[in-house]
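Student: Chains as they are written, first to last, in our numbering: chain E, 4 to 408; chain P, 4 to 408.
To start, I am sharing the structure in question, which I have written as structure tokens.
2 protein chains.
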Amino acid sequence: MDAKIEFISGGTVTSPKGFRAGATYAGMKEKAEDSLDLGILFSEVPCVATGVFTTNRIKAAPVVLCQQRLPASRAKAVVVNSGCANACNGGQGLADAAEMASLAARKIGVSPEEVLVASTGVIGQSLPMKLIQAGIKQVVLSNNGGHKLARAMMTTDTVPKEAAVTVNIGDGEFIIGGVAKGSGMIHPNLATMLCWLTTDAAVDIDFLKLALRKAVDTSFNMISIDGDTSPSDMVLVMANGLAGNKPIPRDSKQADAFQQALDLVCLYLAKSIARDGEGATKLIEVSVSRALSIADARLAARTIVSSPLVKAAVYGSDPNWGRIIAAVGRSGVEVVESKIDLHIGNVCLVKAGCPLPFNRGEVVNILRGSEVLISLNLNLGDATATAWGCDLSEEYVTINSQYTT
Amino acid sequence: MDAKIEFISGGTVTSPKGFRAGATYAGMKEKAEDSLDLGILFSEVPCVATGVFTTNRIKAAPVVLCQQRLPASRAKAVVVNSGCANACNGGQGLADAAEMASLAARKIGVSPEEVLVASTGVIGQSLPMKLIQAGIKQVVLSNNGGHKLARAMMTTDTVPKEAAVTVNIGDGEFIIGGVAKGSGMIHPNLATMLCWLTTDAAVDIDFLKLALRKAVDTSFNMISIDGDTSPSDMVLVMANGLAGNKPIPRDSKQADAFQQALDLVCLYLAKSIARDGEGATKLIEVSVSRALSIADARLAARTIVSSPLVKAAVYGSDPNWGRIIAAVGRSGVEVVESKIDLHIGNVCLVKAGCPLPFNRGEVVNILRGSEVLISLNLNLGDATATAWGCDLSEEYVTINSQYTT
């Protein structure tokens, strides 16, 4: 039988059994009403855990710390702050990240090595350790604390990103939940984004590593907001086994269901990030089909969705489709101009490389929607990929010309 | 003795002996007072000629035509229009480009094969051949027509870009002149930019090819406005020999002087393009030193100057230097965080990877200038490169969300 996967209404990272979370306002973010800037995610029992990290060669101290700790594949908690990225702070940054883990460990009664750390915010400022220390003491953990945690991770995000699904595999049921943040410095190969995933399924660690990599490749690695990849990015998954199943191994029926559900949660969170891009008014989905290779399809989709000119045209609801063709042309993928078909929504604008006459008003209307679908058929091979991003508005510039000031 | 190279006040592409140009308003651009959209550049005697073209796999019809004609290394004229790029128009586009060359050839009394073509403007619209035909008839060529030609090439440019230098090599003198356009879709490996260079020096064609490639690599290939490379880019050089010198060969004293002067003209024009980027308020110069290789230095400089977040911070005069470090980190070049030094203007913000305390007001003042210099020392090797770009303002988005509408 097939697995039955359903989104949980109001689901979050603490929806799986045995996970608790909480958050507080420690004083690092500028105070807005209801502001939170420090949070903890905690599993009552030890988890197998793995992560995927930024490809930026400059790595924030928390990323370095997590990469040192994760080879053990075990974790019980994550502590996170917003308002300061703890990146580019030299040795002091690493010491502060370790101290932050220790403070959280003491608070929840686990060993420091079982705590992972993440920070997001301005680069090159030291972590205000006194605020962190006082803040960690204030955090109250609860079974529905995932909602607060999601808000504590936010920087320029305008909405929290959270989701959870139940997976029924006939002889049992488990839950996968997640929270994420990210709004600027977002680009494939991770971006200023943080995501924690949790599950009460028992999962074989080797399969968990593969499954996470696969899910990230088709979700977080396919979104772009501004082409800037952050030194702080990470996606972590923790599996605590409280669902009571036998650990899910590779190449099993259960593994297929788990992968499908993990993909779904990651995709939901990734699209939430793209939709909430700084200054964004629309979600853009770019689907590239019949490319010569998966690598080509991915690169073409990502290049189009990252093009400032395409993004600005979508913002202005301007059917300036030449920019889409120009973007795929410079992407470096194999293209043959005379084979290209291009659709915006369901309207074909280019067939076999030649412009078709189109009803301008109809396409403008499509571009005015909150989700714009661009489909490019290269007619060369069998590979397909989809990428997501957002439009480029004056507001993006306003936000980013005044972020630290 | 060293060559003496001097900028000519009011110099342009028709400053070298024997070059004439002219332009008219054919009706393709929206009419603004004094608007020009069609121009011709003409040499009274045959020239050796070569060009460098877009790396975009989608090539506009004029690019294809020039690439077919230039292996002959000879040309007498270039005809150019703005308002329509003649790109993505299939076979009709190629036929129209050839017809445009033929019309210009008939007008000036040369053979069609001696005429090169360029078009810039909206992609995917057919060339209005009736307007082109009527316009070409109206063009009046003159010895100082370069100024008009520079204006006829403009799209969203706010100022024409032109320059010329005299080169005195002791036993003789020659002139190199040039005009360029470009303001958006500008990125290394050529961008929506057109540039014609002329000289009355006699130049050996093999050396001319090398010299152009070298000059372009350190000028036009080191500017970025928005990361989008256009299908229409080209740089052409025509040398007519009317200065009366013996053709300049490779590896000669004269070749050094010619290269130096060509570099100077290209750099001047390239910086003019960067400074006039769509919506730009400032020129940004990024200098990367002590990289492991020239390729690394170039990539690092180009990545920083292209980063939307760096550009937005400069626009807001915000000393958010972490974005510079993050950009070099994601660029893919070899970096060791603990070795990086970073200056904005003459203020050191990062030394050996650690933030230094700095006078915020002083750095804000530097960032408020019309030219902002960012210097990054990687302290790893001996290679250096410089790239130029502009800041990112709300105006860029406004321009590009409404370009075809």
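Glycine included, C-beta positions come from ideal geometry on N, C-alpha and C.
The structure presented is a predicted model; accordingly, all values stated were derived computationally and were not measured.
So ASP174 of chain E contacts chain P; which residues on that side make the cut at Cβ distance below 9 Å?
Tutor: Result: empty, since nearest Cβ-Cβ is about 45 Å, beyond 9 Å.
Student: So that I know if they touch, is there some Cβ in chain P lying closer than 8 Å to that of CYS351 of chain E?
Tutor: no
Student: Provide the residue span of the beta strand (DSSP E) that contains THR53 of chain P, from first to last.
Tutor: 41-56
Student: For chain P, find out if any of its Cβ atoms is closer than 8 Å to the Cβ of CYS91 of chain E; answer yes or no.
Tutor: Cβ-Cβ to chain P under 8 Å: yes for CYS91 of chain E.
Student: Which two residues bound the contiguous beta strand (DSSP E) that contains SER85 of chain P?
Tutor: 77-87
Student: Given 8 Å as the limit, is there contact between the stretch 10-25 of chain P and the stretch 309-323 of chain E, that is, 3 or more CB pairs closer than that?
Tutor: Touching, no.
Student: Tell me the rounded alpha-carbon separation between GLN141 of chain E and TYR399 of chain P.
Tutor: For GLN141 of chain E and TYR399 of chain P, the distance between alpha carbons rounds to 45 Å.
Student: Give the straight-line distance between the Cα atoms of GLU165 of chain P and HIS150 of chain P, rounded to the nearest whole angstrom.
Tutor: 8 Å
Student: Would CYS50 of chain P pass as an interface residue toward chain E - the criterion being a Cβ-Cβ separation below 8 Å?
Tutor: Not closer than 8 Å to any Cβ of chain E, the Cβ of CYS50 of chain P fails to qualify, so no.
Student: Whose CA, out of E:LEU352, E:PRO49, E:VAL238 and E:GLY86, lies closest to the CA of GLN70 of chain E?
Tutor: E:VAL238
Student: Considering only their Cβ atoms, is the gap separating GLY332 of chain P from ALA155 of chain P smaller than 8 Å?
Tutor: no
Student: With DSSP as the reference, identify every bridge partner of ILE178 of chain P, one or two as the case may be.
Tutor: P:THR169
Student: Examine chain P for any beta-carbon lying closer than 8 Å to the beta-carbon of VAL291 of chain E, and answer yes or no.
Tutor: no
Student: GLN405 of chain P versus chain E: which residues are under 7 Å apart at the beta carbon?
Tutor: GLY319 and ASP321
Student: Quick check on the DSSP output: the alpha helix (DSSP H) that includes ILE287 of chain E runs from which residue to which?
Tutor: Careful: ILE287 of chain E lies outside any alpha helix (DSSP H), inside the beta strand (DSSP E) at 286-294.
Student: Mind pulling the chain E residues with CB within less than 8 Å of VAL338 of chain P?
Tutor: Result: ARG60 and ILE61.
Student: For LEU239 of chain P, does the three-state DSSP call read helix, strand or coil?
Tutor: strand
Student: Note the first and the last residue of the continuous beta strand (DSSP E) segment covering ARG23 of chain P.
Tutor: 22-27
Student: By Cβ distance, which residues of its chain are closer than 6 Å to LYS212 of chain P, with the 5 residues on each side in sequence left out?
Tutor: THR53
Student: Is any beta-carbon of chain E found at less than 8 Å from that of THR389 of chain P?
Tutor: no
Student: For chain P, find out if any of its Cβ atoms is closer than 8 Å to the Cβ of PRO191 of chain E; answer yes or no.
Tutor: Annotation note: pLDDT 40 at PRO191 of chain E (below 50); position unreliable, coordinate value reported separately. No, no contact with chain P.
Student: For the alpha helix (DSSP H) containing CYS69 of chain E, list its first residue and its last residue.
Tutor: 64-72
Student: Taking its Cβ as the centre, do 16 or more other Cβ atoms sit within 10 Å of LYS249 of chain P, making it buried, or is it exposed?
Tutor: Residue burial annotation: LYS249 of chain P is exposed, with fewer than 16 other C-beta atoms found within 10 angstroms of its C-beta.
Student: Can you name the residues that DSSP bridges to CYS269 of chain E?
Tutor: Per DSSP, none; premise fails for CYS269 of chain E.
Student: Roughly how many angstroms separate the alpha carbons of GLN405 of chain E and ALA101 of chain E, rounded to a whole number?
Tutor: The alpha-carbon atoms of GLN405 of chain E and ALA101 of chain E are separated by roughly 31 Å.
Student: Check the Cβ-Cβ distances between GLY325 of chain E and every residue of chain P, and say whether any is below 8 Å.
Tutor: yes
Student: Between the beta-carbon of CYS87 of chain P and the beta-carbon of SER122 of chain P, is there less than 8 Å?
Tutor: yes
Student: Indicate whether at least one CB of chain P lies closer than 8 Å to the CB of LYS20 of chain E.
Tutor: no
Student: For ALA315 of chain E, go through chain P and note every residue whose CB falls closer than 7 Å to its CB, in chain order.
Tutor: Those within 7 Å of ALA315 of chain E in chain P are VAL400, ASN403 and SER404.
Student: Can you give the beta carbon distance from LYS110 of chain P to ILE135 of chain P, rounded, assuming they're within the 8 Å contact cut?
Tutor: Wrong, their Cβ atoms sit about 11 Å apart, outside the cutoff.
Student: Return the CA-CA distance between ILE172 of chain P and ASP266 of chain P, expressed in angstroms with no decimal places.
Tutor: 16 Å
Student: Pull up the DSSP beta-bridge partners for PRO358 of chain E, would you.
Tutor: E:VAL353
Student: So is SER105 of chain E in contact with chain P if we call contact Cβ pairs under 8 Å?
Tutor: no
Student: Taking the alpha-carbon positions, what's the GLY25 of chain P to LEU152 of chain P distance?
Tutor: The alpha-carbon atoms of GLY25 of chain P and LEU152 of chain P are separated by roughly 6 Å.
Student: Using 10 angstroms around the beta-carbon of ARG301 of chain P, count the other beta-carbons present and answer buried if the total reaches 16, otherwise exposed.
Tutor: buried
Student: Check the Cβ of ARG253 of chain E against every Cβ in chain P and list those closer than 7 Å, keeping chain order.
Tutor: Here the premise fails: no neighbours, minimum Cβ distance about 32 Å.
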